[in-house]
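Just so you know, this note's numbering puts 249 at position 22 of the sequence shown, and the rest follows in order with no gaps. Glycine residues also receive a C-beta, built at the ideal position from the N, C-alpha and C atoms. Note that this is a predicted model, so its numbers are computed, not measured.
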Amino acid sequence: MERLQKIMAEAGVASRRKCEELILSGKVQVNGETVTALGTKADPAVDEITVDGKPVGAEKKMYLVFNKPKGVITSASDPQGRKIVTDYLKGITERLYPVGRLDYDTEGLLLLTNDGHFAHMLTHPKHHVPKTYHATVKGVPHGSELDKLKKGVMLEDGMTAPAEVEYHDINPEGKESTISITIHEGRNRQVRRMFDAINHPVNKLKRISFGDLFLGNLKRGSYRHLTKEEIEGLLKQVRLAGKYNKAEAPVESASSNTSSPIESLPRRTRKPKTNNWSKSSARPNSQSQDKSSIRNNKPNRPNKSDNNSSRRTNNQGRSGKSPKR
Ligand code: URA
């Protein structure tokens, strides 16, 4: 026997909090009787649970990747009537909800599903699923400033975990730069707050990957179904990350044998290498420095053994683009 809201959330009805609201609003029946008490327990194998008359658990599991445009709410409803992600899911009748969230002003990769277990696995803080963003920020942060982000910065809710950071693009006049940043947490407005902390506020933010899954060339406002391999790949990554976190083993010495579970972990779960680029005292795009030297200083250019994942496709490095030459 389990709490009704837990059964409903795991069956993909909605988040647990939303399921509680559904129960309280009298929309949920167990064996034909409306239930409004939050402590109610049921057995999904025996009891017939319905929401608005629709049986729970009867829906086919669905997994989508969506390219969220800026100016859209990551939610299944908005009391203020703003655009919501499900407005873009034409032809989808299943009740899908987002896996984690992106800010109203953030664009890019958003997963949607009705599989509560899948969503829970990917968003649980213990699993540290890495997410990579392209943050276009004011000015050009100095290498030493990016170092702070790499080590962790103090925000009002505590220190951030180490992040992976690299220059992605630099405006020739130095007014703006795009930084690729991979974080392993999911705090509210985390990337924006991290750049605020080094005094380079974010002008534009786009998520380009979630785990080993890339946005690729999916058009803004469009979605596609994940393949079976992609779904399994994401879950496998979570399981491997969970194992690694428990073991706390140093993995720098992992061999290049890609069949080793450690080697097949995403690179960002490994101990970071020291980069010389961010230790440089020169501003990467100061007027006196030419762009080729910036590129030569670029860190972590993916090497062949790092690109084995079928989900990091099209020769994409961490930045989601082929490295510029
Ligand atoms: N970090 C942010 O600041 N915003 C997002 O939408 C996601 C991560």
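Around the ligand URA, the residues selected by a Cβ distance under 6 Å to any of its heavy atoms are Leu-329, Asp-330, Thr-333, Arg-416, Gln-417, Val-418, Arg-419, Leu-432, following chain order.
In the assembly as shown, His-452 is an exposed residue. Its beta-carbon has fewer than 16 other beta-carbons within 10 Å. Annotation note: the segment 282-319 contains no uninterrupted alpha helix (DSSP H) run of length 4 or greater.
The criterion of a C-beta distance shorter than 8 Å is satisfied by Thr-313 and Leu-323.
If you look at Val-326, you'll find it isn't in any beta strand (DSSP E); DSSP assigns it neither H nor E. DSSP, read as helix, strand or coil, puts Asp-423 in helix.
The residue among Lys-431, Gly-443, Ser-404 with its C-alpha nearest the C-alpha of Gly-298 is Lys-431. Note that the C-beta distance between Val-356 and Phe-441 is not below 8 Å. Rounded to the nearest angstrom, the gap between the Cα atoms of Pro-399 and Leu-337 is 31 Å. By the criterion of a C-beta distance shorter than 7 Å, Gly-343 is surrounded in its chain by Ala-236, Glu-237, Ala-238, Gly-239, once the five residues flanking it on both sides are discounted. Boundaries of the beta strand (DSSP E) around His-361: 358-365.
Judged by DSSP secondary structure, Arg-451 falls within the beta strand (DSSP E) whose first and last residues are 450-452. Contact check for Leu-249 against Val-255 passes: the beta carbons are separated by less than 8 Å. By the 16-neighbour rule on beta-carbons within 10 angstroms, Met-381 is exposed.
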